[in-house]
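Q: For reference, the structure I am asking about is given below.
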Amino acid sequence: MIGRTLPALTIVILAAGYSTRLGRPKALARVHGSTLLARTLRSLHPFAASSRIIVVFPAGAHRYRVGRDARMVRFVANRHRARGLSSSVRLGITHARYAAGVLLLPVDLVHLRPRDIARLIARWRSGRRRVVARRRGLQAATPLILPRTLYARALGVSGDQGLREFVRHLPADMISLVDMPSAEDDVDTAGDLEAARRRWHAPRSGIQTVCTSR
């Protein structure tokens, strides 16, 4: 699917947050029998042969590793997650330092589909010096791909909003936005989780079929 001669990409799943609004670790929350982490990894399976996949997880949280294929995934413990999401971003960039780009991917995009990830990656390949990000209104949002030329600057982000602010202040011609319909639903609260479970069981018609069918 993705040839080995194409530019190297590292995919970093951001799964070390405290999930205070949800009240439990997002990565381990279940929708229809699968954790959000397992669902995210499953959506990345088509890209595993040509991309490194890293999961940034809380230090000591061994349950995150259960059932994962070590050949496909590398787990990196974030011992400084109290410093906010940016601590995971910095850790991911550090481990991706030799890659041409790093795809930063939240663990809570419950309906994420491989075709939308492929669309993001294809856009990045067409202009590898730009940030390629999901379109949210007129703004850039995760998932997004940072090019290696920006790694050093991105290592200076801090707090929970550091990455967003960093991208927001880039020149417009350095950002390319991509529509990713399946990345629109995330899980921040217990209500979001319940809605995701209901949506999974909803009749398979219209857009729901796109988001929930296998």
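Just so we're on the same page, our numbering is the position in the sequence shown counted from 1, plus 973. Every residue, glycine too, gets a C-beta built ideally from N, C-alpha and C.
#1: When burial is assigned at 16 or more other CB atoms within 10 Å of the CB, is Leu1111 buried or exposed?
#2: For the 8 Å Cβ check, are there 3 or more pairs between the region 1131 to 1139 and the region 1148 to 1166?
#3: To the nearest angstrom, report how far apart Leu987 and Asp1165 are at their CA atoms.
#4: Between the C-alpha atoms of Leu1077 and Ile1118, what's the straight-line distance to the nearest angstrom?
#5: Determine the contact status of Ser1016 and Leu1093, defining contact as a CB-CB distance below 8 Å.
#6: Count Cβ pairs between the region 1126 to 1134 and the region 1061 to 1073 that sit closer than 8 Å; are there 3 or more?
#7: Which value, in whole angstroms, describes the spacing of the CA atoms of Thr1122 and Leu982?
#8: Answer yes or no: do Ala1000 and Phe1030 have a C-beta to C-beta separation smaller than 8 Å?
#9: Taking the DSSP output, what are the residues bridged to Phe1048?
#10: In the DSSP assignment, find the beta strand (DSSP E) that holds Thr1067 and state where it starts and stops.
#11: Take Leu1058 as the anchor and find which of Val1046, Pro1079 and Ala1069 has the nearest alpha-carbon.
#12: Between Arg1047 and Ile1066, how many whole angstroms is the CB-CB distance? I'm expecting something under 8 Å.
#13: With C-beta atoms as the reference, is Leu1009 less than 8 Å away from Ala1163?
#14: The alpha helix (DSSP H) spanning Val1075 covers which residue range?
#15: Ordered along the chain, which non-local residues of its own chain (more than five positions away) have a Cβ less than 7 Å from that of Ala1055?
#16: If you draw a straight line from the alpha carbon of Ala1073 to that of Ile984, how long is it in whole angstroms?
#17: Should Arg1107 and Ala1156 be called a contact, given that it needs their Cβ atoms to be closer than 8 Å?
#18: Among the candidates Arg1052, Thr1013 and Arg1003, whose CA atom is the shortest distance from the CA of Pro1087?
#19: If we ignore side chains and look at the alpha-carbon of each, how far apart do Thr1182 and Val1104 end up?
#20: With Pro1087 as the anchor, note down where its alpha helix (DSSP H) starts and where it stops.
A: According to the data block:
#1: exposed
#2: no
#3: Rounded to whole angstroms, the gap between the alpha carbons of Leu987 and Asp1165 is 18 Å.
#4: 6 Å
#5: no
#6: yes
#7: 13 Å
#8: yes
#9: Val1028
#10: Where Thr1067 is concerned, there is no enclosing beta strand (DSSP E), although the alpha helix (DSSP H) it sits in stretches over Leu1058 to His1068.
#11: For the residues Val1046, Pro1079 and Ala1069, the minimum Cα distance to Leu1058 belongs to Pro1079.
#12: The Cβ separation is near 14 Å, so there is no contact.
#13: no
#14: No alpha helix (DSSP H) holds Val1075; the beta strand (DSSP E) holding it covers Gly1074 to Pro1079.
#15: Short of 7 Å from the beta carbon of Ala1055, and not among the five residues preceding or following it, lies no beta carbon of its own chain.
#16: 11 Å
#17: Yes, the pair counts as a contact, with Cβ atoms nearer than the cut-off.
#18: Thr1013
#19: With a pLDDT of only 32 at Thr1182, under 50, the local geometry of the prediction cannot be trusted, and no value is derived from it.
#20: Pro1087 to Ser1099
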